Every structure is written in C-alpha cells, then in structure tokens.
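**Student:** If you're matching them up, the sequences are chains G and U in order. What the first sequence shows, in this note's numbering, is residues 1 to 787, in sequence order. What the second sequence shows, in this note's numbering, is residues 1001 to 1174, in sequence order. By construction, the Cβ of each residue, glycine as well, lies at the ideal position given by its N, Cα and C atoms. All figures in this text were calculated on a predicted structure; none of them were measured in a lab.
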Amino acid sequence: MSVKIDTPIDPATANDSPIPTTLTRRGFVQVGGALFVSLALPAAFSACTKRSPVASGNQLDPALLASWLEIRSDNTILARTGRTETGTGMSSYYAQAIAEELNVRPETISLILGDTDRTPDGGYSAGFIFGMANVRKVAAYTYQALLGLAAAQFGVPVSSLSVVDGVVSGGGKSLSYGHLVQGQHLDLKIPIIGKLAKVDPSEGSGISGLDGFSVTGDPPMKPMSQFKVMGTSFPVPGIPAKVTGKTQWSCDISVPGMLHARMVRPPTLGSTLISVGVLDKRQFPSAEIVGKGNLLAVVSPNEWEAIGAAQAVAASTKWTEWAGLPGSENLTKTLRERKWGAPSESRGNAAEVTAALAGAPKTISVSYEQPYVRHAPIGPFVAVADVRSDGGVTVWTHSSQSQGLRAQIANTLSVPMEKVVVRWLEHSGQYGRTTFGGDGAEGDAVILSKLTGKPVRVQWTLEEDLAWSSVSPGWVADLKAGMDAKGHVVALHTAEYAPHQQDARLLGAILAGMPCSTSKPRTWVTEEWPYDKIPHVLRESHGMPNLAAESAGGGLRGNIMRTPGQRQQVFALEGLINEAAAAAKADPIQFRIEHTSEQRLIDVLNATAKAAGWKSRQSPHSGARRTGTSPVTGRGVCVVFRNNAYWVGIAEVAVTPATGSVRATKFTIGADCGKIINPRQLDRCMKSGVVMGLSEALKEEVTFDKSQVTSKNWNSYKILTMAEVPEIKVVQISRDDKGFGGGSEAANAVVPQAVAAAIFDATGVQPRRMPMRAEYMTALLKEAAGG
Amino acid sequence: MPGELTLTVNGAKQVVSAAPDTPLLFVLRNELKLTGPRLGCGMAQCGACAVLLNGEEIRSCVTAVSDAVGKKVTTIEGLPEIWAGQKGLNPADAAATLHPVQQAWIDEQVPQCGYCQSGMMIVAVELLAKNPNPTVAQIKDAFTHKPPSPHLCRCGTYAAIIDAVQRAAKTMKA
Chain G
1 MSVKIDTPID PATANDSPIP TTLTRRGFVQ VGGALFVSLA LPAAFSACTK
51 RSPVASGNQL DPALLASWLE IRSDNTILAR TGRTETGTGM SSYYAQAIAE
101 ELNVRPETIS LILGDTDRTP DGGYSAGFIF GMANVRKVAA YTYQALLGLA
151 AAQFGVPVSS LSVVDGVVSG GGKSLSYGHL VQGQHLDLKI PIIGKLAKVD
201 PSEGSGISGL DGFSVTGDPP MKPMSQFKVM GTSFPVPGIP AKVTGKTQWS
251 CDISVPGMLH ARMVRPPTLG STLISVGVLD KRQFPSAEIV GKGNLLAVVS
301 PNEWEAIGAA QAVAASTKWT EWAGLPGSEN LTKTLRERKW GAPSESRGNA
351 AEVTAALAGA PKTISVSYEQ PYVRHAPIGP FVAVADVRSD GGVTVWTHSS
401 QSQGLRAQIA NTLSVPMEKV VVRWLEHSGQ YGRTTFGGDG AEGDAVILSK
451 LTGKPVRVQW TLEEDLAWSS VSPGWVADLK AGMDAKGHVV ALHTAEYAPH
501 QQDARLLGAI LAGMPCSTSK PRTWVTEEWP YDKIPHVLRE SHGMPNLAAE
551 SAGGGLRGNI MRTPGQRQQV FALEGLINEA AAAAKADPIQ FRIEHTSEQR
601 LIDVLNATAK AAGWKSRQSP HSGARRTGTS PVTGRGVCVV FRNNAYWVGI
651 AEVAVTPATG SVRATKFTIG ADCGKIINPR QLDRCMKSGV VMGLSEALKE
701 EVTFDKSQVT SKNWNSYKIL TMAEVPEIKV VQISRDDKGF GGGSEAANAV
751 VPQAVAAAIF DATGVQPRRM PMRAEYMTAL LKEAAGG
Chain U
1001 MPGELTLTVN GAKQVVSAAP DTPLLFVLRN ELKLTGPRLG CGMAQCGACA
1051 VLLNGEEIRS CVTAVSDAVG KKVTTIEGLP EIWAGQKGLN PADAAATLHP
1101 VQQAWIDEQV PQCGYCQSGM MIVAVELLAK NPNPTVAQIK DAFTHKPPSP
1151 HLCRCGTYAA IIDAVQRAAK TMKA
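(1) Would you report the Cα separation of U:ARG1064 and U:LEU1005, rounded to the nearest angstrom?
(2) At the 8 angstroms Cβ level, is G:ILE109 part of the contact set with chain U, yes or no?
(3) What does G:HIS427 touch in chain U if you count any residue whose Cβ is under 8 angstroms from its own?
(4) Starting from G:HIS536, follow its DSSP beta bridges and name the residues at the other end.
(5) Can you list the residues of chain U that G:ASN715 reaches, using a CB-CB cut of under 7 angstroms?
(6) Could you check where the beta strand (DSSP E) with G:TYR646 kicks off and where it finishes?
(7) Excluding five sequence neighbours on each side, which residues of the same chain lie with their C-beta closer than 7 angstroms to the C-beta of G:ARG388?
(8) Skipping 5 residues on each side, what residues in its chain have a beta carbon closer than 8 angstroms to that of G:ARG617?
(9) Rounded to the nearest angstrom, how far is the Cβ of G:MET263 from that of G:GLU100, given a contact under 8 angstroms?
(10) When you compare the CB of G:LYS242 with every CB in chain U, is at least one pair closer than 8 angstroms?
(11) Along the stretch 673 to 685 of chain G, what residues have a CB closer than 8 angstroms to any CB found in chain U?
(12) Relative to the C-alpha of G:GLY628, which residue among G:THR142, G:PRO256, G:ALA658, G:PHE641 is closest?
(13) Taking G:SER367 as the reference, give the member of G:THR394, G:ALA40, G:LEU335, G:GLU329 with the closest Cα.
(14) Measuring straight from C-alpha to C-alpha, what distance separates U:MET1121 and G:MET692?
(15) Out of U:LEU1128, U:HIS1145, U:ASN1133, point me to the one whose CA is closest to U:GLY1055's CA.
(16) Cβ of G:LYS137 within 8 angstroms of Cβ of G:PRO220?
(17) Using a Cβ-Cβ cutoff of 9 angstroms, what residues of the stretch 450 to 469 of chain G are near chain U? List them in chain order.
(18) So, helix, strand or coil for G:GLN248, using DSSP?
(19) Classify U:THR1135: buried if its beta carbon has 16 or more other beta carbons within 10 angstroms, exposed otherwise.
(20) Which residues in chain C have a C-beta closer than 7 angstroms to the C-beta of U:ALA1019? List them in chain order.
(21) Using alpha carbons as the reference points, say which of U:LYS1173, U:LYS1170, U:CYS1153, U:VAL1165 lies closest to G:PRO377.
(22) So is G:THR142 in contact with chain U if we call contact Cβ pairs under 8 angstroms?
(23) By how many angstroms is the C-alpha of G:GLY27 removed from the C-alpha of G:GLN182?
(24) Can the beta-carbon of G:ILE560 be found closer than 8 angstroms to that of G:THR397?
(25) In the stretch 318 to 383 of chain G, which residue ranges form an unbroken alpha helix (DSSP H) of at least 4 residues, counting only runs that do not cross its ends?
(26) G:SER688 touches chain U at which residues, Cβ-Cβ below 9 angstroms?
(27) Do G:VAL662 and G:HIS493 have their C-beta atoms within less than 8 angstroms of each other?
(28) What three-state label does DSSP hand G:ARG617 in the structure shown?
(29) Are the beta-carbon atoms of G:GLN569 and G:THR526 separated by less than 8 angstroms?
(30) Just by C-beta distance, which residues in the stretch 1124 to 1156 of chain U are closer than 8 angstroms to chain G?
(31) Would G:VAL393 pass as a contact of G:VAL446 if the rule is Cβ separation under 8 angstroms?
(32) Cβ atoms of G:ASP736 and G:SER233: under 8 angstroms apart, would you say?
(33) If I measure Cβ to Cβ from G:ALA43 and keep anything under 8 angstroms in the same chain, skipping five residues before and after, which residues do I get?
(34) Tell me the DSSP bridge mates of G:SER38?
(35) Tell me, please, which residues DSSP counts as bridged to G:HIS260.
(36) Check whether the Cβ of G:GLY171 sits closer than 7 angstroms to any heavy atom of the ligand ATP, and report yes or no.
Here it is as structure tokens:
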C-alpha cells in the first residue's frame, strides 16, 4: 500500500524534479523493519544505468537496488555513497551532514563508501561539496517522510512535531525513528538526475559522469544558523581502527586461491619486449610467468617467491632500447621551443588587454616555471582482481573513483559495466591521481587474473610507482602586468604552457595493448580570480600531449594533483602580484586589498596578517642581502580563491645566502571556506596542507633522462621531513551566509608563492621556479649579485 | 627453502613456515595476519613497516625473519598489552585500554590516510621509553634523523604527530 506523506514539498515547484518523492510500505516483516531510501531514476536514465541486483544491496529485499539510507528498527542508520574517504575527513562530514538533517547523533550513522555494488550514486572524493549537498538532501527528504509517518501514527499535523536525537514527539506522544519503522518494510523513493561514470571520448579526461547522480528538488533543509552537528569537531570515524591495526586496507585483501604478482616493467618508457627471461623452477617452484604484449609479470602463491622470481626474470628479459624524452634538465627548453599555436582555453578580451598594456606607464614582464612533480603516496599502488569464467569481475581497490574505475575496467576487458564490481578500501592517499578512475595497479590485476584464471594481487614497488604512475606535468608561464602612475595594476596578460593533466589510462591496459580511455591534450585556465579591481585581464592556457606520448608506455602520463591547475597558476599569478607590489613600493597585503572588493578576502587577509604579527611595509626589507654566511630572514604572502574558499598563506623563512639554503621558520595559514563543518579536522588538514605545500616549494622534482624517470626512491624524490616543519598557525573564519567551500584541498597551493615572496623579502631576489632548492637559490643569488 | 621458525610476536610464540631470508614484514602480514605494519618502500627509506624488535624500532621490510628468531617482535596490535603489563592492569582493564600512544593518536586525530601511522606510533613508543619528556626538537630528531631514514608522511601529519607524542608523554607520566 502507498502511504500519503504529509509534506510541505510541492513537486510542481521542486527544481527539475521529474519524479515526486514517494513513500511506499512494501510489506510487514517479522523481525526488525526499516525505511529504505533509494533513488528514483527517470525513465530516460534507466536504460543506461541498469544495474544488477546484488545480495548486499538491501537488507530485507536483495532484489532491490542499494539504498542511500536505511533507518533501522534498532535506531541505527546506514548511509551509503559511492564517494570515498581519502584522509581528509569526509567520512565524518557526511555523517555530520546526515545527522544534522535527520536530527540524530552522528555516531548512530555508519557509512558504506565507494563499493559499486553496495552504493547507489557514483561520484568521487574530489566532488565532496557536491556529494555532501546530495546526502543532505537525501537526509532532508527522509526526515520529511519520518515526520509524515509520525504524524499519521500520532494523529497530529506535521507542524506540531519536534525531533530530538531521533525521537519524534507530538500530541503528548513520543516515538523513536526505530519504533516508527518497526515491523515494516518501507521504501522511500527520491528523485535524482545525472549518470554514473563511463568511458566517454568526448570528455577531456575520457570519463564522463564523474559526479554520479544528484538529488533533485528542494526538500526543507535546516538553516545554517540552527546547525548543532555541523560546525562541531565530530571525530573522524575510521581513526580508532587505523590506530589499533583493525582497519582492512586494500593491501590486506586476500581471497582464496589468490596469486601474488610482481610486475616486470620495461627498462624505459618506450621499450618493447624482445624475449621473456628465464624462470628457474628449481629455485622458484611455484612461480609462473604471465604476460600480454609489453605487460609482463611473475605470479606465485607466495609473495616473497614472486618478488625473487620477478627480479630473476627481469634480469634476463630483453627489451628494445628507447630514448625519446628530452631529459628533465632540458624541460624548460623543450617547452619553450615548441610551436604552441592557439591556447586550449582563453579568458578575457585580448584586444582590450593589449591596448591597456600598451597604454600603461609601467609594465612588468616575468616568467615562472616548475618541473614535473608527483603525488608520491607512501603506499604504492596495490589491487586485487578476480576475473571469473562466468564473465564476472571483482576488483578491490583504493581508487578515489570507484565508478570511473569500473568503467575503465569494463572498457579494457570489453565486458558490460554490470559485470564489474569494484570494492573500495582505505589505503595510502591518492592526492588526485585516481580522480578519473585510472592510473593504478587495477589494469595489471584484471589482465593477469584473466590470463591466469585466478584471483591476482598486484603490488607495485615504490620504484615502480615513482617511475610509472602518472605525474603532474612541468610548465612554463609568461606574465605581463601594466601599472598606472599610482602603482595600481590595470591590465594583466598571462600565458601558461604545459602538457595536459587528464590522462586516466590504466598502465596495464597500455602495456598490454588493450582498450584504454582517451584524453585530450588541453589545459585550462583556473576560473576563480580574487582581484576584481584589475579591469583588464587576459589569461591563456596552452596544452600539449604527454611528453613522449607516442612511446609504447604512453610517455609521462600527465594527471591532476591536489589543487590541480590552480596550484601551478597561483604560483605564477601571485608571484606577479608580489612583484607588482614591490614595484609599487607597497605592502603586499595592502596591495592585494587595494585590488579586490571581496570583503571575505579582505577579512581573511587581515585576520591572518594579525595572527602572523605582520607589520605593514614594502618588500624587500631594509636588511635584505644576497651574500653572507649567516641567515637572513623574510616574510611573504600568497592568496588563493578556490571552490568558494579564500586562503591566505604567510611564510617566514631564513635564507643562508652563501649556501642557498632556505628554511621555513613559521607559516600562518588562514581560510574562509564558508561554513566550517568540522573545525578540528580542518585544522589538521590546513596544517598538513602547509607541509605538502612546503614540500613542493622547497624539495620536489621528478627527474628523468632520455629514457626513463630517474627519481625512483625517497632519496631521489625528496619530500618534506618532520624536522623541516616550521611552527604552523591556523586562522579559521566560519560564516553562515556563504554556503560551504572547499575546506582542505587548497591549503597546499597557498604555500609556494608565500615562500618565494619571503625569499624575495629576505634577499631582494624573486625566485621564479619551484623547487627553491639550495642549488637553484645559490645560482640565483650569485647571478643577482653580478656573478 | 621454507623451514619452520619460532617467533615471539606480541607476547605469543608463533611457529611459521618461511624461507629464512623472507623479510619479517611479509611473515607478519601474510602468515600471522598482523597487518598493522605495511609495505612502503621495501628498502628502509620510509618507516611504514616499522616494528619493535626487543624494544628497538627496526624496518621489517629489510629484516630477515631469521634475524627475529629469539627476539621479541611488537607490532601496533601488541601495544595495548605492553602498556597493560607496564601498569599491571587486570585483564578487564587491559582489554579496555589502549597504549597511551594509540589513545593520543585518536585524541589528537592524527591519521589522515593513515598508511604511515603504524610506523609513526612505533617510533613514538620507542622514543617515550627512552625519553619520557621529549622536547619538540627531540621529537623531530627522533622521527627524522635516526637511521636508517626519516619516517615519511605524505599527507603531512607531522604537526599532529608532535602534538600526539606530547600528549602521550603526559599520560604515561601520570
């Protein structure tokens, strides 16, 4: 029977809602009972998103799709989303958002994340704000349905009900949510639009539907000013299990009959296989060689045997020679010599900006650059795959885009999407590299499982990960600013040149010569721009394919990395703003305030400056010097506007001119990301983001010779250590009037230019390249001092 | 060739069948199903695999299982028992009590992805056994300069780790 819901939602006015919310009682049950909240697919979408019923989809009726929420008779709540936890605390934010709208305690909510057969919506970790808006709406619709049930039971209008900690009261009666659903099987359908991720050559990354389904309509939502759970430091749920060793990580998966694989990679990015090496069965009795095309591996039931056998086979395997890379020392020259043609994206009016620059009394022209850097997690890629004879495929992964990975695997194996199940588990952070569902060991694992007919676990080595996983491409940028007589920037032209960063192919599929997603060699201009008082701005971004794209291994596969695009463009743009401030003899913070009317930015600039003890003056400071064996100090600032959040970084450094060494002594980071969901976790993410930003500013560079990546371990790809962490101060501004903003990602991007500006303040010399290592700084200071 | 080896892991005798040159890490993970220590670099450069061997932090990815015979191996799974032993807790209290380092890691909300944190807690336990009241400089030194390599965290949780070590130090002195 259908139950009429007494609800203020009017389907006629709900935004593009094709199907009204419906609550149905499917039946009565002897034990338990629950309200299941599932998505109502518009007919137009159902054909392309058909999913197989799965045993784990629904507690009471396995034939039903995975529900979004389950309100259970024991007063617990199960929430499911295809999005994942990548270490930023999203699992707590989702629980908080749902708890807020349902008026329950967040600890009553448990989450299933990322499993394609047990979650309904797709989506990915990078789309957190979108994902949270979704789960809030799911909870808000559910809340209305629960109120409707209570109103019917109590015989009172919904408007007379109140809810505290999941207990509904009205008309002198009280019942918990659990009691309301006791003994029943209720099914609430809520309207959605969108599509699940699929391989799509029309997209730049080769994958569409990254955000999955979104909930439509406008259920009543709690105003921010009445939040009780959001804005509190609810602990991240998975931490106790991680700390006690109880978490099951993706590297811990073991399935019956599973083989351990170690890959035998080509010696260069472009080598092809000539002959497979020898496997000594007396030494490695259980090991077998498996391969397809240039994909080669050794498998064994014993991991240590697989390791030894793979090394032995690698030593005697023959590959063609190849040398098609320019060498990292020639990267800038290579990018400079390329004929780029038209930009792949351009924002602004070229004629206006050209005229304004020509008419400006003073212009500044500078170039910035950065080599390749990479995500470099502590745990290398690992995956387990089981490709069965019935055509079913199960993959255990730590990809941050389960649906996208599912689409990639279906594409590579040429099987229908519904044959593939991706199960997500926690593992090392990805920092963006799996956002499009690619990269990773999953390609290797499914191909090897198909070839052996057994489940296969593929564990990459660190050297393999640092040599073969995707990279954040190097870039060069040319910038020109026109300033008026008062030192105000009136025109700006920026042009960035870089290989693209959307290659989501699975390495195993490339090497095996199997179908891969495609990507486009374009780059983009970051949309958000904090300086509305600069009247004429032209920004251009030029893209190109991967370096050595035509090689057998696909070249240096460019991929996005934390704060993608903006991380790079901010270093150059904010560098230019710092240089313009110096040219105008202005305090760099005051100079920024004069170029924006955005009060949020002005407020967070002032608050961060105050916390840092910033004294208004121009850079460089009066004691700046380029020589000497004692350290000289300086301070610098950088701003980022991204995803409805304003970020300010203030770096303090000590530079030793004689050695070129740069030490960060203090970093103050401020953020206004709208309503703060979880202050303590934001504090943690802001501080850790500073660490990653300092690492990129001072240390990181992927090196390569003409054949292969050469920075293949932690001695050659250096990241920041604890001893190098400065005092870090955090400033948070939470507000109820600007929605939610991206509250942790951009913390890294606000660091490098603040450090560069601080070096300028200390020495009078502006670094225009990352990383600002001693050898670069020594050369720069020497050059500035006249050789 | 595999042979039988007797190990003492988290206070219990364990007989395992493994080639003597197998890194301790793979025996702990694959044979004993102790998945606290994890594979990072496999060459003693990151610390994700760290365990205590007779109270000293070692990298289990480069330590042959045969070198652990006759010594006491401790992983994060065994830390509560060490603390219970030190404090003489009765079995009921012991079952409900984590090692102060683990509790501090929870209370200070240290792990982000958490992959490196097992090794980080092992260093903290070793440090606090030797120096119950470390300064920030001494904490940084222990996590960075002690051979064979710094303990690396890519999420960048170093500030949280420093807070947690200081919190654990206070608890352990109380």
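**Tutor:** Let me lay it out:
(1) Reading the sequence as shown, one finds Ala at residue 1064 of chain U and not Arg. The alpha-carbon separation between U:ALA1064 and U:LEU1005 amounts to approximately 12 angstroms.
(2) Closer than 8 angstroms: no.
(3) CYS1113, TYR1115
(4) G:ALA491
(5) GLN1045
(6) 645 to 656
(7) The beta carbon of G:ARG388 is closer than 7 angstroms to none in its chain, skipping five residues each way along the sequence.
(8) ASP587
(9) 46 angstroms between Cβ atoms; not a contact.
(10) yes
(11) The residues in question are ARG680, GLN681, ARG684, CYS685.
(12) G:ALA658
(13) G:LEU335
(14) 21 angstroms
(15) Measuring C-alpha to C-alpha distances from U:GLY1055 to each of U:LEU1128, U:HIS1145, U:ASN1133 identifies U:LEU1128 as the nearest.
(16) In terms of Cβ geometry, G:LYS137 and G:PRO220 do not form a close pair [threshold 8 angstroms].
(17) GLN459, THR461, LEU462, GLU463
(18) coil
(19) exposed
(20) Absent here is chain C; the protein component of the structure consists of chains G and U.
(21) Between G:PRO377 and the set U:LYS1173, U:LYS1170, U:CYS1153, U:VAL1165, the nearest pair of CA atoms involves U:CYS1153.
(22) no
(23) 11 angstroms
(24) no
(25) For the stretch 318 to 383 of chain G, whole alpha helix (DSSP H) runs of length 4 or above, ordered along the chain, are 331 to 337, 350 to 359.
(26) GLN1112, CYS1153, CYS1155, GLY1156, THR1157, TYR1158, ALA1159, ALA1160
(27) no
(28) coil
(29) yes
(30) ILE1139, LYS1140, ASP1141, PHE1143, THR1144, HIS1145, SER1149, PRO1150, HIS1151, LEU1152, CYS1153, ARG1154, CYS1155, GLY1156
(31) yes
(32) no
(33) Residue placement at G:ALA43 is flagged as unreliable, the pLDDT there being 47, under the threshold of 50; a coordinate-derived value is accordingly withheld.
(34) G:LYS189
(35) G:SER300, G:ARG457
(36) As far as ligands go, the structure on display features none, and thus does not contain the ligand ATP.
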